[in-house]
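Under our numbering, the residues of the sequence shown are numbered 8 to 270, in order. Okay, so here's the structure we're looking at.
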Amino acid sequence: MDTLTHATEEAAYGDFSSAQPSPVAIVEPRQEPAPLGHEAPLLALISRAASDPRVDMDKFERLLAMQEKLEARAAQIAFNSALADAKSEIEPIVRNATGHNDKKFADLSAISKAVDHILAKNGLTYRWRTNQPGPISVTCIVSHKDGHSEENTLSGPPDKTGNKNDVQAIGSTQKYLMRYTLEGALGLSTTNDDDGRAGIGKPASAITADQVAEIENLIDETDSETTGMLKYVGAASIEGMTEAQFVKARAVLVRKPKKVAAA
8 MDTLTHATEE AAYGDFSSAQ PSPVAIVEPR QEPAPLGHEA PLLALISRAA
58 SDPRVDMDKF ERLLAMQEKL EARAAQIAFN SALADAKSEI EPIVRNATGH
108 NDKKFADLSA ISKAVDHILA KNGLTYRWRT NQPGPISVTC IVSHKDGHSE
158 ENTLSGPPDK TGNKNDVQAI GSTQKYLMRY TLEGALGLST TNDDDGRAGI
208 GKPASAITAD QVAEIENLID ETDSETTGML KYVGAASIEG MTEAQFVKAR
258 AVLVRKPKKV AAA
């Protein structure tokens with residue numbers, strides 16, 4: 008019997024080695040427990056213990072709580088892995104709309120078009136929850152198919168600019184908060200141009216010196232090959248990377264194990 012099986016059986020059944028038999032009690036012989044599977048010994052023990060009247064209920068409830076924690080931890084790991092995989096594919100989103108102050112932004116339709124199919128492929132989805140009266144509150148909930156979810160909440164007053172009526176003011180703020188909570192929950196970035204393809208002959212925006220330094224440090228920390236990384240993202244040099252290529256390179260490098268320092 009392995010250590011986990013022994014420990015969990017003792018937690019459920021207790022230690023009967025010192026128990027004294029009653030002179031008037033008829034004690035049914037204890038049947039030898041069936042062998043537990045190696046895939047889920049704790050779950051198998053819980054299933055068997057549920058139908059055994061001798062089990063200490065307090066210890067049984069602790070076993071259930073232990074199983075719930077294990078399942079929640081596994082779901083969180085699956086969520087984080089899926090989100091990392093999705094983010095490695097999502098490129099900066101083109102700012103396709105213009106606000107009343109002439110500032111460009113990516114509206115919800117542009118964000119949805121860029122991320123929905125990638126999220127779905129990785130078992131992820133999102134939705135919103137709103138709250139009113141008082142300040143308008145919007146919560147973006149990103150969920151994974153295994154059950155784990157995380158939330159991002161922002162609040163704000165009704166947007167009464169531009170002679171909006173009360174309903175329009177509420178709707179404007181809700182849309183604004185939906186957009187920003189989703190961007191924050193997924194860690195999205197936006198850009199004014201789609202790698203220079205929006206205009207003929209218009210050069211793509213190069214990354215900053217800080218971004219160049221970050222990629223160089225990650226390459227050094229993970230002992231990666233610069234040539235192979237540049238080929239993977241389709242760039243001629245680190246300095247010549249576009250924003251989209253930077254995001255793709257960084258997503259891969261941060262997931263690689265760091266090299267072990269020499270003793």
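Here a beta-carbon is modelled for each residue, glycine too, at the ideal position from N, C-alpha and C.
Considering only their Cβ atoms, is the gap separating ALA192 from GLU157 smaller than 8 Å?
Yes; because the gap between Cβ atoms is below 8 Å, this pair is in contact.
Any idea if ASN129 is buried or exposed, counting beta-carbon neighbours within 10 angstroms, 16 or more meaning buried?
Flag for ASN129 reads buried.
Excluding the 5 residues preceding and the 5 following ARG134 in the sequence, name in chain order all residues of the same chain whose CB lies nearer than 6 Å to its CB.
ILE148, listed in sequence order.
Below 8 Å, how does it come out for the region 103-114 and the region 151-167: are there three or more Cβ pairs, yes or no?
Short answer: they don't touch.
Less than 7 Å between the CB of ASP114 and some heavy atom of the ligand MN, yes or no?
As for the ligand MN, it is missing from this structure, which has no ligand bound.
I'd like the list of long-range same chain contacts for LYS265, defined as Cβ closer than 7 Å, with 5 residues on each side in sequence excluded.
Once the five neighbours on either side are set aside, the close Cβ partners of LYS265 are GLU228, THR229.
Which residue marks the beginning of the beta strand (DSSP E) containing GLY163, and which one marks its end?
Note, GLY163: beta strand (DSSP E), 156-163.
Report the rounded CA-to-CA distance for PRO142 versus GLY163, giving the unit in angstroms.
The straight-line gap from Cα to Cα measures roughly 5 Å.
Near SER196, what residues of its chain come up, given a Cβ to Cβ distance below 6 Å and the 5 sequence neighbours on each side ignored?
Within the same chain, SER196 has close Cβ partners PRO99.
Could you tell me the distance, in whole angstroms, from the CA atom of ALA113 to the CA atom of LEU184?
In a straight line, the C-alpha of ALA113 is about 13 Å away from that of LEU184.
Are GLU232 and ARG257 touching if we call contact CB-CB under 8 Å?
Not in contact: GLU232 and ARG257 (Cβ atoms no closer than 8 Å).
Mapping the DSSP letters down to three states, classify ILE97 as helix, strand or coil.
If DSSP states are grouped into helix, strand and coil, ILE97 belongs with coil.
Can you list, in chain order, the residues of its chain whose CB lies under 8 Å from that of THR198, leaving out five sequence neighbours each side?
Cβ neighbours of THR198 beyond the five flanking positions: PRO99, ILE100, VAL101, ARG102, SER212, GLU250, ALA251.
Counting only the same chain and skipping the five closest in sequence on each side, list residues whose C-beta sits under 8 Å from that of ARG186.
Only PHE112, ALA113, ASP114, LEU115, ILE118 meet the Cβ criterion.
Taking ASN138 as the reference, give the member of GLY178, VAL122, LEU90 with the closest Cα.
Minimum Cα distance to ASN138 is reached at GLY178.
Look at the Cβ atom of SER95, then the Cβ atom of VAL259, and state whether they are nearer than 8 Å.
It is a contact, given that the beta carbons lie within the stated cut-off.
Using the beta-carbon count (16 or more within 10 Å), is HIS151 buried or exposed?
By the 10 Å Cβ count, HIS151 comes out buried.
Just the C-alpha distance for ARG262 and GLY169, rounded to the nearest angstrom, thanks.
Looking at the two C-alpha atoms, the distance is approximately 46 Å.
Kindly indicate which three-state DSSP category ALA104 falls into: helix, strand or coil?
It is a strand residue.
Just how far apart, CA to CA, sit PHE253 and ILE214?
In a straight line, the C-alpha of PHE253 is about 7 Å away from that of ILE214.
Whole-angstrom Cβ separation of ALA176 and LYS167, contact assumed at under 8 Å?
Contact flag correct, Cβ pair sits at about 5 Å.
Let me confirm a value: LYS120 is counted as buried when at least 16 other C-beta atoms fall within 10 Å, else exposed. Which label applies?
Label assigned to LYS120: exposed.
I'd like the span of the beta strand (DSSP E) that includes LEU131, first residue to last.
Per DSSP, LEU131 belongs to the beta strand (DSSP E) from 131-138.
In chain order, what residues of the same chain have a beta carbon less than 6 Å from the beta carbon of THR180, not counting five sequence neighbours either side?
Taken in chain order, the residues that qualify are ILE143, GLY163, PRO165, ASP166.
Classify MET236: buried if its beta carbon has 16 or more other beta carbons within 10 angstroms, exposed otherwise.
MET236 is buried by the Cβ-count criterion.
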